[in-house]
Amino acid sequence: MTNILCIGAGYVGGSTIPIVASHCPQHRFIIVDINEERIAAWQSDDLPIYEPGLDEVVRRTRDKNLFFSTDVNRHIAEADIIFVSVNTPTKTFGRGAGKAADLQYWEKTARQISENSSSSKIVVEKSTLPVRTAEAMERILNSNGSGLHFDVLSNPEFLAEGTAVRDMENPDRVLIGGRETESGRKAVETLVELYANWVPRERIITANLWSSELSKLVANAFLAQRISSINAISALCEKTEADVSEVAYAIGLDNRIGKYFLRASVGFGGSCFKKDILNLVYLCEHYGLPEVASYWEQVVAMNEFQEMRFASKMVASMFNTVAGKKIALFGAAFKANTNDTRESPALEVCRALLEERAEVVITDPHALENARDDLGELAARVVFEPDPYAAAKGAHAIALLTEWNQFAQLDYEQIYGSMIKPAFLFDGRNLLDHSKLYELGFNVYPIGKPALTHLHAK
Ligand code: UDX
Ligand code: UDX
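Numbering (our numbering), first residue to last: 69 to 526.
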């Protein structure tokens, strides 16, 4: 039996380790976190994150070979392998503020591991980190004079929220980076063996530490770049009566381009894309590559443009004023099937509408609580309404901002009947049947397609 510890019970640690535990009944897994409330929630029936299928996996493994605890020091002492998935937010102060990763939690964790260890261990970077972080971690871990040896591995997480269980059960690839020393190779092999309990060997790839660390940032940058590219084209489509879905379909059939991640939207969100690209930008600047830095920075700039363009289009279409108008936002989560609202475009649109003094009501099946927290002081000016029919009642407009399947199933005839006329619907995800909504009487504004409006009729 191997004792496997995970430090950090957030979205990354909390949604990966239970699945590893379910495939490795021969090993003992502990997830620790400094946040007592979070650990209590993991031990309850009401898990702190909404992730389809995760409840079931946790129920099957918890208190068998998976345990949750706040006693970080004790469990460090007992562990053979330690996954670290504490948060690495964008720095808000000092050098690199707004771009570089804030590594204070990582460094604190490394010191904590070093202070509480009485045996050699493998430490695995699960959090997304700037390239060459492992070097600093090795120095901290191996410099306390205890004679212990720590191998640092990089094993970036590629799962997406909302499909975490599926992505982890059946990953496209597992990437493990390590040192090319004898002990480094042995550590890599130990981790390969762990994944080989359910992942086919040919999908477990190994690389040097720096390639592995950098690959995570680059994977997210490439994915985000595709969305910014198609979103840039969506703006042009709206000017030219081309249809962005038709363009995306036509280009995606070219195998060299591929069909994924070409859905034009109000913008991308989530904890990773913006943070990781800015981290990449900072690294490029640090290494004296300003042209490379500004190339990638445009991916983020285009996303901000798309979010603001959407909000501006709402105001412009509604006779250039939304002051005092009730507007229902359908969706707060940054995408469907998660309660996560970090960097959610929905909240950006919300902020822009509040600036214009609209009366905003937000409805979302799982993310209202996080939306309230993320909006901070602005939350006092927003109504949070779990029922979409109540949210839309008496509203001038609906803005659909998260592609929840529930929103496609609603009775829009009833909703139209309860709204102020002319009724507007802005579909930031191209989720709904636009011609049907138009026939019901709505003025419909999709992304990257001609608007369907009764207002400027010939
Ligand atoms: C975060 C980042 O967003 C992601 O890019 C990175 O790869 C991993 O960390 P996530 O799991 O979504 O991913 O973050 P979060 O939900 O904030 O979870 C981090 C957890 O670590 C929190 O529960 C926090 O309490 C815990 N933590 C943080 C510790 O246990 N110890 C610390 O010192 C700091
Ligand atoms: C992402 C990566 O996909 C994952 O591999 C990495 O581990 C973490 O970051 P995640 O942030 O959970 O995962 O969500 P993802 O599915 O990538 O979506 C990110 C954002 O892009 C969402 O706001 C989503 O709505 C948006 N998106 C996605 C689009 O607007 N259009 C698309 O075609 C795809």
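Just so you know, even glycine gets a beta-carbon here, dropped at the ideal spot from N, CA and C.
Every value quoted in this text rests on a predicted model; they were computed, and no experiment measured them.
When DSSP builds the beta bridges, which residues end up paired with S302?
-> Counted from its first residue, the sequence shown places residue 302 at position 234. Its beta-bridge partners do not exist; DSSP assigns none.
Does DSSP put S222 in a helix, in a strand, or in coil?
-> For the purposes of this step, residue 222 is taken as residue 154 along the sequence shown, with counting starting at 1. S222: strand per DSSP, three-state reduction.
Continuous alpha helix (DSSP H) assignments of at least 4 residues falling wholly in the region 282-350 | 312-320
Paired residues, beta bridge with Y480 - DSSP = Mapped onto the sequence shown, residue 480 falls at position 412. Bridge partners of Y480: none, in fact.
Check the C-beta distance from E225 over to K176 and give it rounded, since I have them as a contact under 8 Å.
-> Taking the first residue of the sequence shown as position 1, residue 225 is located at position 157. Taking the first residue of the sequence shown as position 1, residue 176 is located at position 108. The pair is not a contact, with the Cβ atoms about 21 Å apart (cut-off 8 Å).
Residues bridged to V242 by DSSP?
-> By one-based count along the sequence shown, residue 242 stands at place 174. Paired residue(s): I272.
Does DSSP put I430 in a helix, a strand or coil?
-> Translated into the one-based positions of the sequence shown, residue 430 becomes position 362. Residue state, collapsed to three classes: strand.
For C74, does the three-state DSSP call read helix, strand or coil?
-> For the purposes of this step, residue 74 is identified with residue 6 of the sequence shown, where counting begins at 1. Looking at C74 - three-state DSSP - the assignment turns out to be strand.
Q374 vs G399 beta-carbon contact at 8 Å = Counting from one through the sequence shown, the residue named residue 374 turns up at place 306. Counting from one through the sequence shown, the residue named residue 399 turns up at place 331. Going by C-beta atoms, Q374 is not nearer than 8 Å to G399.
Three-state class that DSSP yields for F475 in the structure shown = Here residue 475 refers to the residue found at position 407 of the sequence shown. Helix at F475.
Could you give the residue range of the alpha helix (DSSP H) that holds K176?
-> Counting from one through the sequence shown, the residue named residue 176 turns up at place 108. K176: member of the alpha helix (DSSP H) spanning 172-183, first to last residue.
Determine the DSSP secondary structure at D442, reduced to helix, strand or coil.
-> Along the sequence shown, read from residue 1 onward, the residue named residue 442 stands at position 374. Looking at D442 - three-state DSSP - the assignment turns out to be helix.
Measure the beta-carbon distance from H95 to W266 and round it to whole angstroms, keeping in mind my assumption that it falls under 8 Å.
-> Within the sequence shown, the letter at position 27 stands for residue 95. Within the sequence shown, the letter at position 198 stands for residue 266. Not quite, the Cβ-Cβ distance comes to about 13 Å (not below 8 Å), so this is no contact.
For the region 106-150, list the beta strand (DSSP E) runs that are entirely contained and at least 3 residues long, ordered along the chain.
-> 134-137
Is it buried or exposed for T156, if we count other Cβ within 10 angstroms and need 16 for buried?
-> Numbered from 1 along the sequence shown, position 88 holds the residue referred to as residue 156. Around the beta carbon of T156, 16 or more other beta carbons lie within 10 angstroms, which makes this residue buried.
Classify E372 as helix, strand or coil using the three-state DSSP reduction.
-> Along the sequence shown, one-based indexing puts residue 372 at 304. Looking at E372 - three-state DSSP - the assignment turns out to be helix.
Indicate the three-state DSSP secondary structure (helix, strand or coil) for K189 in the structure shown.
-> On the sequence shown, position 121 is the one that residue 189 refers to. Looking at K189 - three-state DSSP - the assignment turns out to be strand.
Would you check whether ligand 1 has a heavy atom nearer than 7 Å to the C-beta of G78?
-> Within the sequence shown, numbered from 1, the residue matching residue 78 stands at position 10. Yes, Cβ of G78 sits closer than 7 Å to a heavy atom of ligand 1.
Given Q111, which residues of its chain have a CB within under 7 Å of its CB, disregarding the five upstream and five downstream residues?
-> Position 43 of the sequence shown, counted from the first residue, corresponds to residue 111. Same-chain partners within the cutoff: F136.
What residues are listed by DSSP as bridge partners for R96?
-> As a working mapping, residue 96 is identified with position 28 in the sequence shown. Paired residue(s): N71.
Among all residues, which have a Cβ less than 5 Å from at least one non-hydrogen atom of ligand 2, and in what chain order do they fall?
-> F226, A228, E229, I295, F329, R331, S333, F336, G337, G338, C340, F402, K403
Output yes or no for whether 8 Å exceeds the beta carbon distance between F510 and H464.
-> Walking along the sequence shown from the start, residue 510 turns up at place 442. Walking along the sequence shown from the start, residue 464 turns up at place 396. The answer is no: Cβ separation not under 8 Å.
When DSSP labels each residue in this structure, what does L397 get in the three-state scheme?
-> In the sequence shown, the residue the question calls residue 397 occupies position 329. Strand, per DSSP.
Could you tell me which residues DSSP pairs with Y355 in its beta bridges?
-> For the purposes of this step, residue 355 is identified with residue 287 of the sequence shown, where counting begins at 1. Note: Y355 sits in no beta bridge, so no partner.
Taking the CB atoms as reference points, tell me whether L197 and A232 lie closer together than 8 Å.
-> Within the sequence shown, residue 197 is the residue found at index 129, counting from 1. Within the sequence shown, residue 232 is the residue found at index 164, counting from 1. No, the Cβ-Cβ distance between L197 and A232 is not below 8 Å.
CB contact flag (R294, L330, <8 Å) = Here residue 294 corresponds to residue number 226 of the sequence shown, with the count starting at 1. Here residue 330 corresponds to residue number 262 of the sequence shown, with the count starting at 1. Yes. Within cutoff.
For A435 and M376, believed in contact at Cβ under 8 Å, the rounded distance | The sequence position of residue 376 within the sequence shown is 308, counting from 1. The sequence position of residue 435 within the sequence shown is 367, counting from 1. The Cβ separation is near 22 Å, so there is no contact.
Look at the alpha carbon of D240 and the alpha carbon of G81, and state the distance between them as a whole number of angstroms.
-> Walking along the sequence shown from the start, residue 240 turns up at place 172. Walking along the sequence shown from the start, residue 81 turns up at place 13. Rounded to the nearest angstrom, the two C-alpha atoms are 19 Å apart.
Residue from A89, G246, N238, R234 whose Cα sits closest to the Cα of D219 = Here residue 219 is taken as the residue at index 151 of the sequence shown, counted from 1. Here the closest residue by C-alpha is G246.
What is the DSSP secondary structure of T488, counted as helix, strand or coil?
-> Stepping through the sequence shown from its first residue, residue 488 is reached at position 420. The sequence given here places Ile at residue 488; Thr does not occur at that position. Coil, per DSSP.
Could you tell me if A439 is buried or exposed, where buried requires 16 or more neighbouring beta carbons within 10 angstroms of its beta carbon?
-> By 1-based counting over the sequence shown, the position of residue 439 is 371. With 16 or more other Cβ atoms within 10 Å, it is buried.
What is the DSSP secondary structure of I515, reduced to helix, strand or coil?
-> What you label residue 515 is simply residue 447 of the sequence shown in a count that begins at 1. The answer is coil: DSSP assigns I515 none of H, G, I, E or B.
What does DSSP give as the partner residues of I22 in its beta bridges?
-> Lying before the first or after the last residue shown, residue 22 is absent from the chain, which here runs from 69 to 526.
Same chain, Cβ closer than 7 Å to S412, neighbours up to 5 away in sequence not counted | In the sequence shown, the residue the question calls residue 412 occupies position 344. Closer than 7 Å at the Cβ level, and outside the excluded window around S412, lie G337, A400, A401, F402.
Residue interval of the beta strand (DSSP E) (run including V451) | Locating residue 451 in the sequence shown gives position 383, counting from the first residue. Unbroken beta strand (DSSP E) run through V451: 450-452.
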